[in-house]
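In the numbering used here, each number is its position in the sequence shown, counted from 1, plus 152. Heads up, the thing below is written out as structure tokens.
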Amino acid sequence: MKAFAYVNAANEKEAIAALGPERGRMLPLAGGMDLLALMKDYVAQPERLVNVKNLDRTVAKTPDGGLRIGAAVTLAALAQHADVRRLYPALAEAAAEVGTPQIRNVGTLGGNLNQRPRCWYFRNEEFPCLKKGGARCFAVDGENQFHAIFGDGPCHIVHPSSLAVPAIALGARFRIVGPAGEREVTAADYYVMPDRNLYGETVLAPNELLTHVILPAPGTAKSATYEVRFKQSHDWPLAMASVALVMNGQTITSARVVMGAVAPVPWRAEGAEAALAGKRISEATATAAADAAVKGAKPMTQNGYKVQIAHTAVKRAILKAGGIAVV
Ligand SMILES: Cc1cc2nc3c(=O)[nH]c(=O)nc-3n(C[C@H](O)[C@H](O)[C@H](O)COP(=O)(O)OP(=O)(O)OC[C@H]3O[C@@H](n4cnc5c(N)ncnc54)[C@H](O)[C@@H]3O)c2cc1C
Ligand code: SF4
């Protein structure tokens, strides 16, 4: 690992002052579960790490009945928090499924939402791919069984954050601070496709920090997350879905359906949302929505199997949110 300086920021102001405008030179360090691995593999080679674990980690109620969650909260604390579990089961379920208890005890919400892609070519210093400033995407003609089934590239990663998926389904906003002050963006607008930002995955500038996730009051929305992974694996899901269904009795008034591990960003399935609106919740409705969700998928050479898995994840997330037993 390359030698680096370390700044222990006590608050947002100190953290921002210690970051800089050049990509990759100064990086925020939260739990380190992702960043330290990237540094050991020489994929990230920062000159300075800025500890952001002292930033806000509280889960506070907002005046409108939602929650404002500090980015430094651990995934374990998030998964166990009574209000998060009661109001936003889709988020609590996704946090509870991440990795292992050790990873959840150390990993933070901010680190999870900003973790870098798992593409094995990206993670291997021997492959100078497009995302690292090289000339080609090695996944196109290579080992792409865990890569994207949606999106036109030129990079075919799947976004690795399981928590970004329910954040979008639940209509979250992200608070960002930087040298020019603070701003808020919707979780959906935070993540960008590779044709817009090839070297990063978000709208965050190198000298900005994600400090809070703000969730609107759920109202009558029922939410759930369903992940499909290798049996007994603590690895990332092969595909997942989070849904938020605004209900009037057994009828779905409106829905948000988002798929994970299928595209370079969490992938909103607007066709599925249209298929659900105004329908009574049932297995047939959920199947029709899942059909619509995977319509237009463009698998690569080795990942056609993911289309069926994504279909299953969407269908089961809808049934789970509706309280219908998943068989
Ligand atoms: C075996 C294994 C299985 C895993 N399974 C899953 C899974 O199923 N689903 C899933 O989602 N994740 C999974 N993870 C990833 C894990 O959840 C993340 O690595 C972890 O959440 C990162 O959090 P951290 O606090 O350690 O972040 P760090 O490693 O400290 O940081 C990660 C990145 O975010 C940046 N960053 C950190 N905080 C901020 C901030 N506040 N603002 C802006 N940028 C910031 C850092 O600079 C770095 O680039 C797994 C990891 C392992 C090792
Ligand atoms: S998918 Fe993206 S990160 Fe992976 S090899 Fe292709 S360009 Fe690189």
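Glycine included, C-beta positions come from ideal geometry on N, C-alpha and C.
For residue i, name the three-state secondary structure that DSSP assigns.
| i | result |
| --- | --- |
| ILE404 | strand |
| ALA157 | strand |
| HIS386 | coil |
| LYS447 | coil |
| ASN203 | strand |
| ALA259 | At residue 259 the sequence reads Gly, which differs from the Ala that was named. GLY259 falls in the coil class under three-state DSSP. |
| ALA291 | coil |
| TYR378 | strand |
| TYR457 | helix |
| THR464 | helix |
| THR363 | strand |
| GLU245 | helix |
| ILE320 | helix |
| PHE326 | strand |
| LEU179 | strand |
| ALA391 | strand |
| TYR273 | helix |
| VAL417 | coil |
| ILE221 | strand |
| LYS213 | strand |
| ARG268 | coil |
| THR226 | strand |
| THR171 | For the sequence presented, residue 171 should be read as Leu rather than Thr. Reduced to three states, the DSSP call for LEU171 is coil. |
Can you tell me whether residue i sits near ligand 2, meaning its C-beta is under 7 Å from at least one heavy atom of the ligand?
| i | result |
| --- | --- |
| PRO269 | yes |
| HIS308 | yes |
| HIS299 | yes |
| TYR351 | no |
| LEU282 | yes |
| PHE302 | no |
| TYR343 | no |
| TYR240 | no |
| ALA189 | no |
| TYR194 | no |
| PHE156 | no |
| ALA291 | yes |
| TYR457 | no |
| PHE274 | yes |
Pick out whichever of the options has its Cα sitting closest to the Cα of residue i.
| i | options | result |
| --- | --- | --- |
| PRO370 | ARG238, ALA182, ALA170 | ARG238 |
| VAL446 | ALA247, GLY303, GLN197 | GLY303 |
| ALA223 | GLY474, SER375, PHE326 | PHE326 |
| VAL344 | ALA424, PRO306, GLY183, ASP216 | PRO306 |
| ARG335 | HIS364, ALA319, ARG381 | HIS364 |
| PRO451 | PHE156, GLU174, GLN297 | GLN297 |
| ALA170 | PHE156, MET185, LEU201 | LEU201 |
| THR439 | GLY218, VAL478, GLN402 | VAL478 |
| ARG177 | MET191, GLY184, ASP186, MET185 | MET191 |
| TRP388 | ALA212, ALA196, VAL250 | VAL250 |
| ARG381 | ALA373, LEU367, LEU397, ALA413 | ALA413 |
| ASN266 | LEU315, MET392, ARG220, GLU425 | LEU315 |
| LYS213 | GLY352, LYS431, HIS233 | HIS233 |
| GLY423 | LYS458, GLY217, VAL410, GLU174 | VAL410 |
| LEU362 | VAL159, ALA167, ASN160 | ALA167 |
Is the beta carbon of residue i within less than 7 Å of some heavy atom of ligand 1?
| i | result |
| --- | --- |
| LEU227 | yes |
| VAL236 | no |
| HIS364 | no |
| ILE433 | no |
| GLU249 | yes |
| VAL159 | no |
| ASP186 | yes |
| SER394 | no |
| ALA170 | no |
| ASN203 | no |
| ASN163 | no |
| TRP419 | no |
If residue i sits next to residue j, beta carbons under 8 Å apart, how far is it from one beta carbon to the other, in whole angstroms?
| i | j | result |
| --- | --- | --- |
| LEU428 | ALA407 | 4 Å |
| PRO416 | ALA300 | 6 Å |
| ALA182 | LYS205 | 6 Å |
| GLU245 | THR377 | 4 Å |
| PRO318 | PRO269 | Actually they are not in contact, since the Cβ atoms of PRO318 and PRO269 sit about 19 Å apart, beyond 8 Å. |
What do you get for residue i, buried or exposed, if any count of 16 or more other CB atoms within 10 angstroms of its CB means buried?
| i | result |
| --- | --- |
| GLY263 | buried |
| HIS308 | buried |
| SER394 | buried |
| GLN254 | exposed |
| HIS463 | buried |
| ALA291 | buried |
| PRO346 | buried |
| LYS165 | exposed |
| THR453 | exposed |
| ASP208 | buried |
| ALA442 | buried |
| THR338 | exposed |
| TYR194 | exposed |
| GLU360 | buried |
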